[in-house]
Amino acid sequence: MPPPMPPLVEMTGITKTFLSVKALSNVDFRLLPGEVHVLFGENGAGKSTLISILSGVYKQTSGSLRIDGQEVELQSVHDAAKFGIGTVFQEFSLVPTLRVYENVYLGREPRRGLFLDRRAMIAGAQNLFDELDFEIDVRRPVSALSRAEQQMVEIAKAFLAKARVLILDEPTASLTEKETRKLFGFIARARAEGVGIIYISHRIQEFAEIADQISVLRDGRMIATVSAKETSEHALVELMTGRAIDQIYPEIARRTDGEIVLSLTDIVSAGVHGVSVDVRAGEVLGVAGLVGSGKSRLWRSVLGLQPIRAGRVILKGRDVTGKATRELLRGGVFYLPPDRKTEGLQLTATARDNIALSLLGRDDVSNRIGFISPRRSRELADGIAARVDVSPSYLNRSVSKLSGGNQQKVLFGKGFAKEHDIYIFDEPTVGVDMGTRSALYRLIKEIAEAGKAVVVVSSDLTEVMHLAHRLVVFSKGRIAAELTGAAISEENVLKHFFADTRVPA
Amino acid sequence: MTVSQGSPVLTETEAPKRNLVLAAIRGLFLRVGVLPFFLAATLVVFALVSAQFLSIQNLTNVARQSVYLVLVSLGQMLVLITGGFDLSVGTAIALTSVVSALAMVALVAAMPDLVWLAILLGAFAGFGAALLVGCLNGLGVAQFGVSPFIMTLGLQSIGAGIALFLTGGVPVSGLPFDFGNFFGFGRVFGVPVPVLFAIVAIIVMWLIMNRTIFGAHVYAVGGNLKAANLSGVNTRKVLFFAYALCALLASLAGVLMTARVESGETNLGGTIALESIAACVIAGVSLRGGIGRVENVVLGAFFIVLLQNGMNIAQIGSYLQMVLLGSLLVLAVILDQVRYRMLVGSR
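Protein sequences appear in the order of chains A and B.
Counted from 1, the first sequence has number 307 at position 307 by this note's numbering; the numbering is strictly sequential.
Convert by adding 1000 to the 1-based position in the second sequence; the result is the number in this note's numbering.
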């Protein structure tokens, strides 16, 4: 045990409710100086809410927060920074139109008299980057940087504030292995200097190397805090999900002789540099890769959401390269967009109307003279809602008021409004709890076993690995590997994640 | 490059040369936007139409006329960079004109010996009225999250209504002679007074945008509001002051225009909202916020006035001028979109 120093951060009985949804209930958390404390849990388990409270973005509904043994109330991020809490958010808090040094100093610009001291900003930022061993010209605009470079700017920004508590929200999600090494070296140095580090990550394999303590959150509750030395991957996953892995992921029967439904040849588009892949009926094609690897943009270009520069798209034997999105959808493609709020749902409409929207154009929703029959439309929509397990009491509510899990079910429901030949799910379970996930996985199983072609694009490695019959791994806009059956292992996939992904500095 | 006579090398270098020119044009377009092209086209076309157009006298005249639009455009730029816009600049001008004129007339009547004090106080009354409009805009947008479109459109109507109500629609006359004589027609060291005001305003705005924390924060708020907030920038304060300062700049233009017409008019600045937005957009200020430079905006405003001047010389009627100006604005926005796509695509 460490000496009886007061913990840097002590959160007691923290509860946070949004409207009527409880995001956190009665969570205790403490961070000691010089400790790397991992927060682990599903999307939506409450990790982000917890660190948002600690970094002053939200105020807790109840519970107390002590820093250095002093009870504090944080009014803003700025406030938190004054107490030495620096946060590197997952959604970057960078201004793309500004330069690196301007971003690093944003909110605490040095002054000389009335005016900004630009020279000091540039010199200070350059020093900081040299110290951190980050090779970035601080005068470049942030919009010209790669994601990894932007991440480094974020970290540098937190460090400039002389943070004693550093919160890193999935910092390695977009870093190459080399950059990850650098980051770890840097975390070790910071820890040696007594900085407390809260580290959020899904990559269990990183924990053994850097973590001291691991706290597991599930459904807004603190399940356990364990020492990193005394736990195992399996134990952590069970703590996180509350059940063993094989209970969540269904076994999906594979048809190996299905005809090719969608055939892509040498597709070139923004972020996609020559990709060929076939999708077969009765098979789940998994697509894995880092953010920005092109795994999502490939399908977006196929659907006509971003222009295809070269290559051919053959859908059921027909060349549909560069056709408008609606023609592909009419041709039998269902696309589940990765962001349900901006691309998937009509947020102000009811759950029922969202489903009914996809019914338009079906013969049986119209009456004899061709007008839409509200009654038929309603019956059909309710039938679909039952199939995707959305409770009837939710159907009349505006979809924006439903939980993420129910929203995602509604979005899935739109896929059942008509018959499709190929289902492309881009991040099918993002921000969704475990219970809903296993329900959604069963729907995917149903679809695949009905002989449809299924594509699952996901940043959740465990998810794609368990669902896919065949897994393609993207790296830098290309397919780095295609794995089948037993070859689909975490080790294999991760190896290809970083294939030739070095970002030029 | 050396020209090798009669050799095939000449024809070979011809193509890359043309590509070089094209690449230079492309680079210029990407860096500064459409303004240089519009400006060059205007200069060439109207210089061909009339020899008078490029005379020093005419250009000085354009410089003097453009003062008002320059001032308003600087304010408009500020608000555009935060990611909003201000449709109520015309109202700020009308209100300034009416209030300052009424105040001056009343004050001169009350203290006939202190004309200059009356003028000064009258001008400040005008500033105050416009500042109220700006503060309300700022409050609505920053504090209550009303969209800038609705907020400034609403105040546009409110302000115009008040100005009309105050005057009954009749211009306020009887302003002190010195007011118009100095602020409207006066010269110091041979430079028209309004131009001096504009020069000072340009310098101050340049310093604010490039050398102060407030300026840096304006760019940050427009570039990414959430990020600015997370970095500890008081985004509400920044937005509020942007709208207030915008109204104040319009108000300064309002006082100078009142001096020029020597009466308080409710119809001053009727088309200036459109013109100032056009000047900014043509000068490369992004409607998405975060991007825009003072020197370009000054040139953009100058361009609009130059164009109007050229059309007057070419005897194009004012109705057709409206058509042209509107088309130009839309064209500038289309080209801005193209430029944005090229910038993003080139990464």
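Think of the CB as a built atom: it goes at the ideal place given N, C-alpha and C, for glycine as much as any other residue.
Given the structure is predicted, the values throughout are model-derived calculations rather than measurements.
As a beta-bridge residue in DSSP terms, H273/A pairs with V268/A. Note that the stretch 484-497 of chain A does not touch the stretch 298-306 of chain A; fewer than 3 beta-carbon pairs, one per stretch, sit closer than 8 angstroms. Against N1224/B, the close residues of chain A are F92, S93, L94, V95, P96, T97 and L98, in the order they occur along the chain (beta-carbon pairs closer than 9 angstroms). One Cα belongs to W299/A, the other to A148/A, and the distance between them is close to 23 angstroms. One finds nothing in chain A with a Cβ atom closer than 7 angstroms to the Cβ of A1259/B; even the nearest lies about 30 angstroms away.
As far as DSSP is concerned, D382/A takes part in no beta bridge. With respect to Q1156/B, G1090/B sits close: the two C-beta atoms are nearer than 8 angstroms.
Excluding residues up to 5 positions away in sequence, V138, R139, R140, P141 and V142 lie with their Cβ nearer than 8 angstroms to the Cβ of R99/A in the same chain. C-alpha of L145/A to C-alpha of T97/A: approximately 11 angstroms in a straight line. Interface annotation, T1212/B: in contact with chain A, CB-CB separation under 8 angstroms. Collapsing the DSSP output to three states places Q90/A in coil. Chain B places no beta carbon closer than 8 angstroms to that of F29/A, leaving this residue out of the contacts.
In this model, F416/A and N367/A are separated by some 21 angstroms (Cα to Cα). In chain order, L262 and G331 place their CB closer than 6 angstroms to the CB of L315/A, counting only its own chain and leaving out the 5 sequence neighbours on each side.
Remark: C-beta atoms of I1202/B and V1298/B approach each other more closely than 8 angstroms.
In this structure, the CA atom of G286/A is about 45 angstroms from the CA atom of F83/A.
Spanning the alpha carbons of G1169/B and V1133/B requires a straight line of approximately 20 angstroms. Looking at the DSSP output, S64/A sits in a beta bridge with T12/A. Secondary structure of P171/A (DSSP, three-state): helix.
Here DSSP, grouped into helix, strand and coil, assigns N127/A to helix. Listed along the chain, the chain A residues whose CB falls inside 7 angstroms of the CB of S1231/B are S93, L106 and G107. Non-local C-beta neighbours of V333/A in its own chain, meaning closer than 6 angstroms and more than five positions away in sequence, comprise I422, ordered along the chain.
Take the alpha-carbon of I14/A and the one of I248/A: they are about 29 angstroms apart.
With contacts defined by Cβ atoms closer than 8 angstroms, G1269/B and A1094/B form a contacting pair. DSSP places D353/A inside the alpha helix (DSSP H), whose first and last residues are A351 to L357. Under the DSSP definition of a beta bridge, M222/A partners with L217/A. Per DSSP, the beta bridge partners of F334/A are Y423/A.
Beta-bridge partners assigned by DSSP to H37/A: I198/A and Q213/A.
Beta bridge pairing from DSSP links T17/A with K22/A. Within chain B, no C-beta atom comes nearer than 8 angstroms to that of V457/A; the closest sits roughly 22 angstroms away.
Residues of chain B with a Cβ closer than 9 angstroms to the Cβ of S76/A are, in chain order, N1229, G1232 and N1234.
Shown here for V456/A: same chain residues with a beta carbon closer than 8 angstroms to its own, the five before and five after excluded, namely V284, L285, G286, V287, F425, P428, I444, E463, V464, L467 and A468 in chain order.
Between the stretch 21-35 of chain A and the stretch 169-187 of chain A there are fewer than three C-beta pairs closer than 8 angstroms, too few to call the two in contact.
For A1216/B, the neighbours in chain A by C-beta distance under 9 angstroms run, in chain order, L98, E102, Y105, L106, E109 and L116. Chain-ordered listing is empty here: chain A has no CB closer than 9 angstroms to the CB of A1201/B, the nearest sitting near 17 angstroms. Taken in chain order, the complete alpha helix (DSSP H) segments of 4 residues or longer contained in the stretch 1282-1316 of chain B are 1294-1313.
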